[in-house]
Amino acid sequence: LMSFSEDDLMFYLNTPTSTNNYILCDPANSKKKTSDYTTFWVIGCGPDDNYYALYMLKDRLGLTERADVLFDLHRQFKPLAVAYEQYGMQADIDHFKDRMERDNYRFTITPVGGQMAKDDRVLRLTPLFEQRRVWMPRKCAKMMRDGTLKDMVQAFINDEYLPFPVGIHPDFLDSLSRILDIPHKFPKTVEVQKMTFRRAV
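First residue of the sequence shown? That's 1323 in our numbering, and the numbers climb one at a time after it.
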């Protein structure tokens, strides 16, 4: 069975700047009682062709709470695209459109879906980790809906990354894989050209 290696985990100390940002969301599916977590990522594509996790969240969130997080993230990170899992998504989208009108703040949401099995979607991440192109913060503490404080990085590593494919619900991994379902681009580094000045005669 394919799995992920602890040796391929990379961590950054300083938050990268000049990234092209993308929001990825896999909302809780009310029809599937086994998976009632919503996951959010903000992935920054860096000028070094690496993927930086700028924000991570996995929590039990209701529709209004999902909207709160999504709109806050959009305002903060100014993403080039928002990828949203399309299964059971229609009610969410309708709610978001109403919210956009109320807030007078609008953006496009790209539905992502497809027939590929979840584990197969996740395995598409293997080359990115093997090439050590996925970088995470050392810690990403978030207050959960139930009032507990949880480190999202450790939750991702211990609950999903290391156990995969044995982990019960690889929601974090699955939503991270959605970066591969949307067009994304890495910013080009601009070389400073030497200016030559001609002396006036």
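Note that the Cβ used here is the ideal one computed from N, Cα and C, for glycine as well.
The structure presented is a predicted model; accordingly, all values stated were derived computationally and were not measured.
Same chain, Cβ closer than 6 Å to residue i, five either side skipped, listed in chain order
| i | result |
| --- | --- |
| Phe1399 | Asn1343, Val1364 |
| Gly1368 | Pro1338, Thr1341, Tyr1374 |
| Gly1436 | none |
| Tyr1483 | Phe1326 |
Burial state of residue i, where buried means 16 or more other Cβ atoms lie within 10 Å
| i | result |
| --- | --- |
| Arg1388 | buried |
| Thr1527 | Outside the modelled stretch of the chain, which goes from 1323 to 1523, sits residue 1527, for which no answer is possible. |
| Glu1328 | exposed |
| Gly1469 | exposed |
| Gly1366 | buried |
Distance, residue j Cα to residue i Cα
| i | j | result |
| --- | --- | --- |
| Lys1461 | Met1411 | 30 Å |
| Phe1494 | Glu1423 | 30 Å |
| Leu1379 | Thr1361 | 5 Å |
| Arg1428 | Phe1418 | 9 Å |
| Val1434 | Tyr1409 | 8 Å |
| Pro1487 | Asp1416 | 34 Å |
| Met1458 | Met1474 | 10 Å |
| Gln1476 | Tyr1359 | 16 Å |
| Ala1413 | Pro1349 | 11 Å |
| Glu1452 | Asp1330 | 6 Å |
| Glu1407 | Cys1347 | 6 Å |
| Leu1335 | Met1465 | 21 Å |
| Arg1455 | Leu1385 | 33 Å |
| Met1272 | Ile1504 | The question about residue 1272 has no answer here: the residues shown for the chain are numbered 1323 through 1523. |
| Arg1421 | Asp1390 | 10 Å |
Other residues of its chain near residue i: CB distance less than 8 Å, five sequence neighbours each side excluded
| i | result |
| --- | --- |
| Asp1425 | Phe1393 |
| Pro1485 | none |
| Thr1448 | Met1324, Phe1326 |
| Asp1481 | Gly1489, Phe1494 |
| Pro1509 | Ser1340, Thr1341, Asn1342, Cys1367, Gly1368, Pro1369 |
| Leu1395 | Ile1345, Phe1362, Val1364, Tyr1377, Pro1401 |
| Asp1542 | The requested residue 1542 is not part of the displayed model; the chain covers only 1323 to 1523. |
In DSSP terms, what residue i is bridged to
| i | result |
| --- | --- |
| Tyr1406 | Cys1347, Pro1433 |
| Ile1365 | Tyr1344, Ala1375 |
| Tyr1334 | Pro1459 |
| Thr1360 | Asp1381 |
| Lys1464 | Lys1472 |
Close-in-space but distant-in-sequence residues of the same chain around residue i (CB under 7 Å, 5 per side omitted)
| i | result |
| --- | --- |
| Arg1443 | Asp1496, Ser1499 |
| Asp1441 | Pro1487 |
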